[in-house]
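To start, the structure itself, in structure tokens.
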């Protein structure tokens, strides 16, 4: 079946794409800069509970004190990354545009 992938694309509701972007934009505007890893699951669930039901999420522990939360909805995404130099939030919207917020710690 060569046309199945096209059918899957059709299923994505424009309203849900808008919904994901709205939630991501509000989160970005909130300028959250929680760095404690213990809070990661709370942030992950708080945002996920507001997003469209098909949203995928993962929590990644990287090197040292670095960790990130990723939410994805088809081609849209939101990432909350905590590293040595601060917090970086990146939202890729339904048009493929990237929106960023960063909270840097002075060393």
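In the working numbering, the protein residues as written are 4 to 110. All C-beta atoms in this analysis are idealised placements derived from N, C-alpha and C, irrespective of residue type, glycine included.
For residue 51, the secondary structure class from DSSP, reduced to helix, strand or coil, is helix. Residue state for residue 95 is assigned as strand, using DSSP reduced to three classes.
Taken in chain order, the complete beta strand (DSSP E) segments of 3 residues or longer contained in the stretch 56-92 are 59-64, 70-76, 79-86. For a cut-off of 8 Å, the C-beta gap from residue 95 to residue 106 is around 19 Å, too long to register as a contact. Between residue 79 and the set 103, 97, 48, 30, the nearest pair of CA atoms involves 97. Following the DSSP letters along the chain, one finds residue 17 inside the alpha helix (DSSP H) bounded by residues 17-32.
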